[in-house]
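Take a look at the structure set out below.
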Amino acid sequence: MIAIGAIHLDTLAHAAETIRPETSTPARFTSKPGGVATNIARALVRLGVDTRLTGLLGDDGAAEQLLRQLEPEGVRLSLIRRHGFATGQYLALHDPDGTLAAACVDDRILSEAPSEILDDLLSELAMHATADTIWFLDANLPEPLLTRIAGRKGPGLLVANAVSDAKAPRLRPLLGLLDCLFLNRGEAAAIAGLPQQSAMQDLAQALASAGLAGFVLTGGAEDVLVWHDSALSAFPTPTTEIIDVTGAGDALTAGTLAAIARGYSLPQAVPIGLSAAALTLRATGALAETLSWATLEGS
30 MIAIGAIHLD
40 TLAHAAETIR
50 PETSTPARFT
60 SKPGGVATNI
70 ARALVRLGVD
80 TRLTGLLGDD
90 GAAEQLLRQL
100 EPEGVRLSLI
110 RRHGFATGQY
120 LALHDPDGTL
130 AAACVDDRIL
140 SEAPSEILDD
150 LLSELAMHAT
160 ADTIWFLDAN
170 LPEPLLTRIA
180 GRKGPGLLVA
190 NAVSDAKAPR
200 LRPLLGLLDC
210 LFLNRGEAAA
220 IAGLPQQSAM
230 QDLAQALASA
240 GLAGFVLTGG
250 AEDVLVWHDS
260 ALSAFPTPTT
270 EIIDVTGAGD
280 ALTAGTLAAI
290 ARGYSLPQAV
300 PIGLSAAALT
310 LRATGALAET
320 LSWATLEGS
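The sequence shown begins at 30 in the numbering used here and counts up one residue at a time.
Written out as structure tokens, the structure reads:
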């Protein structure tokens, strides 16, 4: 598995009471590795999938902190250091019920990167890729870089995560190349050019008509819709306690990809991904400490 995209240092504030603007709120702070590609790479290693994380770091303290945590976890790293740039950072403010009150991100190290910045790494990775390799991209990558990676990757599946409503349209040039796209209702609407309140079935039809070979479409508590082999399936979302919403969508992606890496079809793999998402919702941060393949198989 090769995961290419954002490598951030996440700072999460979990407030003791509802966050109010223009004043301070008592909270508990934690700092952990983040970014969609990073979250998925860390989860995949926990799930027994050999994973290489590829992306950009600065030459600052945040970069050193990330390296100190990622390397011992077993995530293999293929990195470019951009001198003079701050490592990507994400700040999230959570209310006591776990919902996200506000968030900010500094991702200039990636969003302002030239399209050829990963060429040498891609050449090296492509040389060792096989038909079983899964190439994962997140839409934190700017569109020219996404397009360049898709054109230079080696053999294997090409999978992407749409990341956010604002960034999802970056994937439009890749829709006919992707084997699977993970996205939510808002991201689907942004890609398809449809209203946010569109029915899930209408969004699914628009995505299928756009040339996607496969997708996993989530809509909060609504059924997850899965497009595979020109057929649409629906899977109920599990009911679970919510402590922190951070990383739940990434856990769905990681759990699903871990199953695919073991030979599951996409419809067979999605229930595994949903179990990973539920486990993450019951934990703090983007990676549940109890996440393992054995846990998901037994759920």
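For every residue, glycine included, the Cβ atom is placed at its ideal position computed from N, Cα and C.
These numbers were taken from a predicted model, which means no experiment stands behind them.
Quick one: what's got a C-beta closer than 7 angstroms to residue i's C-beta in the same chain, skipping five residues either side?
i    : result
V104 : A70, R71, V74, T80, L82
A197 : A168, A191, L212, E216, A219, I220
V299 : V245, V253, V255, F264, T285
D88  : R110, H112
A160 : P184, G185
Going by beta carbon distance, what residues of the same chain come within less than 6 angstroms of residue i, once the five residues before and after it are set aside?
i    : result
F240 : In the sequence under discussion, the amino acid at residue 240 is Gly, which differs from the Phe named in the question. Same-chain partners within the cutoff: L204, G205.
L108 : L86
D194 : G215, E216, A219
A290 : V78
W17  : Shown here, the chain extends from 30 to 328; a query on residue 17 therefore has no answer.
A42  : A56, F58, L122
P101 : none
R97  : none
Given residue i, which residues of its chain have a CB within under 8 angstroms of its CB, disregarding the five upstream and five downstream residues?
i    : result
D208 : L186, L187, V188, A242, G243
T40  : F58, T59, S60, Q118, Y119, L120, A121
A44  : T54, P55, A56, L122, H123, D124, P125, A130
P224 : A218
Between which two residues does the alpha helix (DSSP H) holding residue i run?
i    : result
D167 : First-last for D167: 163-167, but that is the beta strand (DSSP E), not the alpha helix (DSSP H).
G240 : It is not in any alpha helix (DSSP H) - G240 carries neither H nor E in the DSSP assignment.
H157 : 148-157
L99  : 90-102
G215 : 214-221
L325 : 322-326
Nearest to residue i by alpha carbon, out of the options?
i    : options                : result
I163 : A306, L38, L325, T282  : T282
H123 : P50, F211, L236, Q94   : P50
A250 : L236, I220, A306       : A306
A237 : Q226, L210, P224, S227 : L210
Q230 : R201, L261, H257       : L261
L174 : H157, E141, A195, M156 : E141
D279 : P296, I301, G292, Q297 : I301
A287 : P62, V78, A42, T52     : V78
F165 : N68, T309, T319        : N68
A115 : A92, H257, I178        : A92
G64  : C133, Q297, L232       : C133
P267 : D258, A277, T159       : A277
D258 : P224, Q225, P296       : P296
E46  : G127, G292, A158, E145 : G127
A158 : M30, Q225, W322, R201  : M30
E145 : S227, I289, R177       : R177
P202 : A179, R137, T52        : A179
Would you give the residue range spanned by the beta strand (DSSP E) that residue i belongs to?
i    : result
V134 : 129-135
G278 : Segment 277-290 is the alpha helix (DSSP H) holding G278; no beta strand (DSSP E) there.
R81  : 81-86
I334 : Absent from the model: residue 334. The displayed extent of the chain is 30 to 328, so no value can be given.
T116 : Where T116 is concerned, there is no enclosing beta strand (DSSP E), given that its DSSP letter is neither H nor E.
L41  : 37-44
P173 : Segment 172-181 is the alpha helix (DSSP H) holding P173; no beta strand (DSSP E) there.
A263 : 260-264
L108 : 105-110
R57  : 56-63
A189 : 186-190
L254 : 253-257
Answer yes or no: do residue i and residue j have a C-beta to C-beta separation smaller than 8 angstroms?
i    : j    : result
R181 : L151 : yes
D135 : G113 : no
P171 : R199 : yes
E325 : S304 : Reading the sequence as shown, one finds Leu at residue 325 and not Glu. Yes; because the gap between Cβ atoms is below 8 angstroms, this pair is in contact.
G183 : L154 : yes
L38  : L95  : yes
L139 : A32  : no
A66  : G90  : no
V62  : L99  : Checking the displayed sequence, the identity of residue 62 turns out to be Pro instead of Val. Yes, Cβ-Cβ distance for P62 and L99 is below 8 angstroms.
L320 : L76  : yes
Is the Cβ of residue i closer than 8 angstroms to any Cβ of chain B?
i    : result
G278 : In the structure shown, chain B does not exist; there is a single protein chain.
Review point. On the three-pair Cβ rule with 8 angstroms, is the segment 243-262 touching the segment 210-225?
Key: As far as the Cβ criterion goes, the segment 243-262 touches the segment 210-225, which means the pair count is three or higher.
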